[in-house]
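The sequence shown maps to residues -16 to 266 in the numbering used here. Please read the structure below before turning to the comments.
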Amino acid sequence: MELQDLEPSRPIYIERVGFRGVRRRVAIDTPLGVQHLDLTIDLYVDVYERRRGVHLSRNIEALEEALAEGTPRSLEHLLKRVARNLLKRHTYASKAGASASTVYYVEVDFSGIRGVEPVEAKVGVEVGKGLELWSVEAGVTGFTVCPSAQKTIAEIAGLGEGRLAPSHVQRVKLRGKVTTRKVMVRIEDVASALFNSLSAPSFTLLKRKDEALLVMEAFKRPMFAEDVAREAAYRLASIEYVPPDSVIEVEVLSLESIHPHDLQVYLRTTAGEARKAGFPGED
């Protein structure tokens, strides 16, 4: 009997044991054709309280076996293979999971300004007895215009109705995650919901006219970080095929321009609850 198979000195259940940061280049057979993605993969199983440890080499074997099964049609299906193989190799585990992070490129259209922008994407699958959860997470960059300063400056300057007052602007990192029971949520749909939840998204390339248009449009949409979080939750929940019991998580990190510290907002809700925040008659 190997050391991992013995009882531990302190019998306490462990939620996750595995490898973090395994790197692989993987081909995915998407509706747009085969795409090659550089993935950073996490692999884990749980350990019950009467077992000292796991045989970690089996995690890599489970991954290699999944990759050898052929080109998957999505990251979710690849990760489901991996999780299934983890349970097969770790017969003592009650659940297993795998997640993969990558940079994904998404088409963005904001008030006629278009670009193909990088999105930090993470997809995960967790399986177990009576359990199969799929998650997709995206991180985007944009900015917000402070409504408080804008209102105060407008009052001080005596600006009339409809005239845009100056304000301070902060760069924002916005993350959104949707967890479902075996429903694949497209990264593009998550990213689109997030980009449209900001005063404006960031663009890699902006010519002068587009730059001016972007700023003017953003100043028409002043938002607190709290506004961004709620808007993102509502838009993620409004993806039409997302089931009501799906879990929505949103995090806003506002890199403050007039303070030496940053602002964080986090919320967690269900799609069903977030949809109730829509206006009457709103689709």
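Even glycine gets a Cβ: it sits at the ideal position worked out from N, Cα and C. Because the structure is a prediction, the values reported are computed rather than measured.
Under a 10 Å Cβ-count criterion, residue 63 is classified as buried, with 16 or more other Cβ atoms of the shown protein chains found around its own Cβ. Proximity to residue 36 across -12, 59 and 164 peaks at -12, based on C-alpha coordinates. Distances from the CA of residue 17 to each of 195, 9 and 24 were compared; the closest alpha carbon is that of 9.
Nearest neighbour of residue 23 by Cα position, chosen from 53, 58, -7 and -2, turns out to be 58. At least 8 angstroms separates the beta-carbon of residue 155 from that of residue 161. With a cutoff of 8 angstroms on beta-carbon distance, residue 27 and residue 0 are scored as near each other. Counted as a single uninterrupted DSSP element, the beta strand (DSSP E) harbouring residue 10 occupies residues -3 to 13. Between residue 107 and residue 118, the C-beta gap is smaller than 8 angstroms, which places the two residues in contact. For residue 258, there is no enclosing beta strand (DSSP E); the enclosing alpha helix (DSSP H) covers residues 254 to 258.
When the five nearest sequence neighbours on each side are left out, the beta carbons in the same chain lying within less than 7 angstroms of the beta carbon of residue 173 are those of 119, 121, 159, 161 and 219, in order along the chain. Taking the CA atoms as reference points, residue 116 sits about 6 angstroms from residue 165.
A distance below 6 angstroms between beta-carbons, with the five flanking residues on each side excluded, links residue 147 to the following residues of its chain, in chain order: 202.
In the DSSP assignment, residue 120 is bridged to 105 and 160.
Counting every other CB atom within 10 Å of its CB across the protein chains shown gives residue 188 a total below 16, marking it as exposed.
Contact annotation: residue 105 and residue 77 have beta-carbon atoms that are not nearer than 8 angstroms. Runs of the alpha helix (DSSP H) lying entirely within the region 56 to 82, each at least 4 residues long, are 58 to 72 in chain order. Annotation: residue 54 is outside any alpha helix (DSSP H) and is labelled neither H nor E by DSSP. One alpha carbon belongs to residue 215, the other to residue 243, and they sit about 26 angstroms apart. Setting aside the 5 residues that flank it on each side, residue 129 is surrounded in the same chain by 150 and 151, each with a C-beta closer than 6 angstroms to its C-beta; the list follows chain order. Taking C-beta atoms under 8 angstroms as the contact rule, residue -2 and residue 29 qualify, at a distance of about 6 angstroms. Fully contained in the region 188 to 266 are the following alpha helix (DSSP H) runs of length 4 or more, in chain order: 191 to 202, 208 to 220 and 254 to 258. Under the three-state reduction of DSSP, residue 166 is assigned to coil, being neither helix nor strand. Under the three-state reduction of DSSP, residue 176 is assigned to helix. Assigned with DSSP and collapsed to three states, residue 130 falls in helix. Taking 8 angstroms as the cut-off, the Cβ atoms of residue 207 and residue 125 do not count as close. Taken through DSSP and simplified to helix, strand or coil, residue -11 comes out as coil. For the 8 angstroms CB-CB criterion, residue 79 and residue 69 form a contact. Per DSSP, the unbroken beta strand (DSSP E) holding residue 30 starts and ends at 16 to 30. Separation of the CB atoms of residue 3 and residue 25 is rounded to 5 angstroms, and the pair is thereby assigned contact status at 8 angstroms. For residue 84, the beta-bridge partners assigned by DSSP are 23 and 105.
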